[in-house]
Amino acid sequence: MIMGKEKFIPLAAMIVILIGAGSSAYVYATQTTTDNIIINDQQYTIDQIFYIAEPRTFDSLNFSGIALDDLVIKTGVGCLECHEYTIIGDDGYQKTVTWENMQEGLLTKDGMTVFSDLPKAYRIKNIVKIEVI
Amino acid sequence: MEKMKLFAGIIVLGSLWGFAECIIGPAMGDAGLPSGALMTSVFGIGLMMMSRMLFKRRGMQIGMGLVAGALRLFNPFGGCVVCSAIAIAAEGLLFELIWYKMSLDFSELKTITMKLSMGIVTAYSCYVGGYVITQILTPMVASAGFYVENLIVFMPQILARGLLAAIVGGITVPAIFVLKDININNVKDRIYYPTAVSVSILCWVVVIANALFLMGA
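Chains as they are written, first to last, in our numbering: chain A, 1 to 133; chain B, 1 to 217.
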């Protein structure tokens, strides 16, 4: 039996609403809230991170913080160019960058990454983890 | 309907869409509003729906998406400009695909349930489709490269954010139906063409002037 448009379209709309509502519930339930950041499987507070890493400023973008490349070095990662780095926000948003990108990146005091060589899509807010892959 | 009239319609409605994306969207974002969902469901869907209602032709919406996307290229702010432009054009294509099987006299959309449902499905599909395209293209254009796992883990967020677009789209499409009885052929050429040209030029001039002003600031 072929379903007519008068049945199919409202059904499709209901499915769309269910997908949207279900995804919203999932996102809300899985959202992480923490003051710590896990870097290469080790946990740090934002104050510790700002203590160990060198400061960096992007005058043209009006952002300052600490250098992401120096942060990774200080946390003991070896063969820096051999790896890629996945930066994960508290809402699950994540982006993977290269070592070259990390050398152009900073972490602000409120936990946002900024890269001078990458678009705004790489400004990840409230980061909870930096995975070395 | 003469081709010139259709062409002018594509240019003026596409320019209005592009103007909204370049000027109104960033202002909404600065005001803390969910500009992406509102831009698609109010301006994108609203203007494409308007074109379908007034001109009763298929294919116009792809053209409008291309014009709006082209105008976006002249506003080099807010991340990956090329990606945004392609995503806008893709929204036009998605609209065409969703509405392809619908009759041009809207005979299927007699009830409010059908109008609302089409609004929900269209706005959600266009928003999610455009968002996914941007997420794929931005890393490819940037030097970092695209990683499919980054997109997969973010899909629940994209699907969740589409809910607002769907709800607003469910209001926009029935609202545009107030234009159903307007016959664009009744508009005299001496009014239609100067208006279309003036509005289009105004949209492009404002967007380009705004870009030059921001670059100089």
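C-beta atoms are modelled at their ideal positions from N, C-alpha and C, and glycine is treated no differently.
Coarse secondary structure for residue i, derived from DSSP in three states
i: E131 of chain A; result: strand
i: F106 of chain B; result: coil
i: R52 of chain B; result: helix
i: P119 of chain A; result: coil
i: R72 of chain B; result: helix
i: F77 of chain B; result: coil
i: K125 of chain A; result: coil
i: A31 of chain B; result: coil
i: Q43 of chain A; result: strand
i: V132 of chain B; result: helix
i: S64 of chain A; result: strand
i: N183 of chain B; result: coil
i: T57 of chain A; result: strand
i: Y85 of chain A; result: strand
i: T32 of chain A; result: coil
i: G96 of chain A; result: Residue identity differs from the one stated: residue 96 of chain A is Thr in this sequence, not Gly. Correct three-state label for T96 of chain A: strand.
i: V77 of chain A; result: coil
i: G9 of chain B; result: helix
i: T111 of chain B; result: coil
i: T113 of chain A; result: strand
i: G105 of chain A; result: strand
Min CB distance residue i to chain A below 7 Å
i: Y131 of chain B; result: no
i: Q61 of chain B; result: no
i: L54 of chain B; result: no
i: V153 of chain B; result: yes
i: A166 of chain B; result: yes
i: P156 of chain B; result: yes
i: T225 of chain B; result: Given a span of 1 to 217 for chain B in the structure shown, any question on residue 225 of chain B remains unanswerable.
i: C126 of chain B; result: no
i: L159 of chain B; result: yes
i: E108 of chain B; result: yes
i: L163 of chain B; result: yes
i: T122 of chain B; result: no
i: C80 of chain B; result: yes
i: Y147 of chain B; result: yes
Below-7 Å beta-carbon distance, residue i vs any chain B residue
i: K95 of chain A; result: yes
i: Y26 of chain A; result: yes
i: N101 of chain A; result: yes
i: L118 of chain A; result: yes
i: S60 of chain A; result: no
i: A121 of chain A; result: yes
i: G105 of chain A; result: no
i: G92 of chain A; result: yes
i: S64 of chain A; result: no
Exposed unless 16 or more other CB atoms sit within 10 angstroms - verdict on residue i
i: L159 of chain B; result: buried
i: T30 of chain A; result: exposed
i: L104 of chain B; result: exposed
i: S51 of chain B; result: buried
i: V205 of chain B; result: exposed
i: A31 of chain B; result: exposed
i: T34 of chain A; result: exposed
i: G59 of chain B; result: exposed
i: E2 of chain B; result: exposed
i: F77 of chain B; result: exposed
i: F7 of chain B; result: exposed
i: G25 of chain B; result: buried
i: V97 of chain A; result: buried
i: T172 of chain B; result: buried
i: E149 of chain B; result: exposed
i: V67 of chain B; result: buried
i: K129 of chain A; result: buried
i: M200 of chain B; result: The sequence shown places Ser at residue 200 of chain B, not Met. Per the 10 Å Cβ criterion, buried.
i: G78 of chain A; result: exposed
* To do: Could you say if the segment 162-173 of chain B and the segment 119-136 of chain B meet the contact criterion of at least three C-beta pairs nearer than 8 Å?
  => yes
* Contact residues within the segment 5-19 of chain A, judged by C-beta distance below 7 Å to chain C -> The structure shown contains no chain C; the protein chains it does contain are A and B.
* Asked: Pairing CB atoms from the segment 1-21 of chain B with CB atoms from the segment 34-54 of chain B, are three or more of them under 8 Å?
  -> yes
* **Three CB pairs or more closer than 8 Å across the segment 129-139 of chain B and the segment 182-196 of chain B** => no
* Taking only runs of the alpha helix (DSSP H) that begin and end inside the segment 143-183 of chain B, which ones reach a length of at least 4 residues, in chain order? -> 148-176
* Kindly confirm or deny that the segment 65-72 of chain A and the segment 102-122 of chain A touch, where touching means at least three C-beta pairs closer than 8 Å. => yes
* Asked: Quick one: any contact between the segment 114-132 of chain A and the segment 79-92 of chain A, if contact means 3 or more CB pairs under 8 Å?
  -> yes
* the segment 105-118 of chain B in contact with the segment 38-58 of chain A per 3-pair CB rule at 8 Å -> no
* Does the segment 146-157 of chain B come close enough to the segment 184-201 of chain B to have 3 or more Cβ pairs within less than 8 Å? -> no
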